[in-house]
Structures are given as C-alpha cells and as structure tokens.
Amino acid sequence: MENCIFCKIIAGEIPSPRLYEDENMIVIRDIEPKAKLHYLCIPKTHFPLLSADEEKVEAVKRCFAKIPTLVETLGLGDGYRVVINQGENGGQAVAHLHIHLLGGEKLKDF
Ligand code: 5GP
Ligand code: ZN
8 MENCIFCKII
18 AGEIPSPRLY
28 EDENMIVIRD
38 IEPKAKLHYL
48 CIPKTHFPLL
58 SADEEKVEAV
68 KRCFAKIPTL
78 VETLGLGDGY
88 RVVINQGENG
98 GQAVAHLHIH
108 LLGGEKLKDF
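Take any residue in the sequence shown, note its place counting from 1, add 7, and you have its number in the numbering used here.
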C-alpha cells in the first residue's frame, strides 16, 4: 500500500532491523518505545483493522501463534503486554494492523 510506513519497512524501502521475519510477519523495535522493551509485530499484508475476513483473521492468528515462541528471545520472558490500537479513538497512528509487545519492566496498570 502506497504511503504506508509499515509497507515501506516490509518492502525494505525504509531500513528497520528485523528481530524476526517469516512469510507472514516481521518483528521490529518501536521507534518511540513506551516501555523498556517495545516491539511491533506487523503482518506483511496491508489492512488497517481487525476483521472477520478469513485471510485477515489468518494473518492475525499466525502472529499470535508465533509471538509466544519469540518471547524469550525478545527478553519478555517475565511477562509482557499485548496491545492493538484500533482507529482514531483507540489511538491508532499507523493504519496497517500491528501488535505492540511491551515489557522488560513492571508495567503500570491501566
Ligand atoms: P499505533 O499508534 O498506530 O498503534 O502505533 C504505531 C507505532 O509505530 C508507534 O508506537 C510509533 O512509535 C511506531 N512507529 C511509527 N513509525 C515508525 C517507524 O518508522 N519505525 C518504527 N520502528 N516504528 C514506528
Ligand atoms: Zn501497510
């Protein structure tokens, strides 16, 4: 998708070190970390929001199946928070679905 920063990162047009990559997703560090460790798990297909569409469900499902296998490597073994911001009220700034992984410290309640 044109003008999508995450599509550009996925395409390699904007350099961003990948901590993990497979055919479905990449994991990168958030450029403005909101916790000691802050990663973004980004499906390679462009779509903005969670959806009942089968392919999009599959893409999200594959991310969630992979995340627990990466936790130790990412330094999140003591616990972490998973966040998906949705739309304007949800505080979503990038309209390409992504899963925040936050940890590396005791997070504040919200
Ligand atoms: P959202 O607010 O859409 O849920 O989250 C977007 C996240 O993407 C923000 O936490 C922001 O810091 C991060 N971000 C925006 N642009 C870039 C970028 O170019 N590289 C990386 N690594 N993270 C980015
Ligand atoms: Zn995109």
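Glycine residues also receive a C-beta, built at the ideal position from the N, C-alpha and C atoms.
(1) Between the segment 11–26 and the segment 82–94, can you find at least three pairs of beta-carbon atoms closer than 8 angstroms?
(2) Name all residues in chain order for which at least one heavy atom of ligand 2 lies closer than 6 angstroms to the residue's CB.
(3) Measuring straight from C-alpha to C-alpha, what distance separates Lys63 and Thr80?
(4) Contact between the segment 87–103 and the segment 52–62: three or more CB pairs below 8 angstroms?
(5) Give me the Cβ distance between Glu112 and Ala42, rounded to the nearest whole Å; I'm assuming they're in contact under 8 angstroms.
(6) Regarding Gly1 and ligand 1, is the C-beta to nearest heavy atom distance less than 8 angstroms?
(7) Where does the unbroken alpha helix (DSSP H) through Leu77 begin, and where does it stop?
Looking at the coordinates:
(1) No contact exists between the segment 82–94 and the segment 11–26.
(2) The set of residues whose C-beta lies within less than 6 angstroms of a heavy atom of ligand 2 reads, in chain order, Met8, Cys11, Phe13, Cys14, His53 and His103.
(3) The residue you call residue 63 lines up with position 56 of the sequence shown. The residue you call residue 80 lines up with position 73 of the sequence shown. Cα atoms of Lys63 and Thr80: separation of roughly 26 angstroms, rounded to the nearest angstrom.
(4) The segment 87–103, when compared against the segment 52–62, does touch it at the 8 angstroms Cβ threshold.
(5) Start at 1 with the first residue of the sequence shown, and residue 112 comes out as number 105. Start at 1 with the first residue of the sequence shown, and residue 42 comes out as number 35. Between Glu112 and Ala42 a beta carbon distance of about 6 angstroms is seen, short of the 8 angstroms cut, so the two are scored as contacting.
(6) Residue 1 is absent from the structure shown; the chain starts at 8 and stops at 117.
(7) Position 70 of the sequence shown holds residue 77. Per DSSP, Leu77 belongs to the alpha helix (DSSP H) from Glu61 to Leu77.
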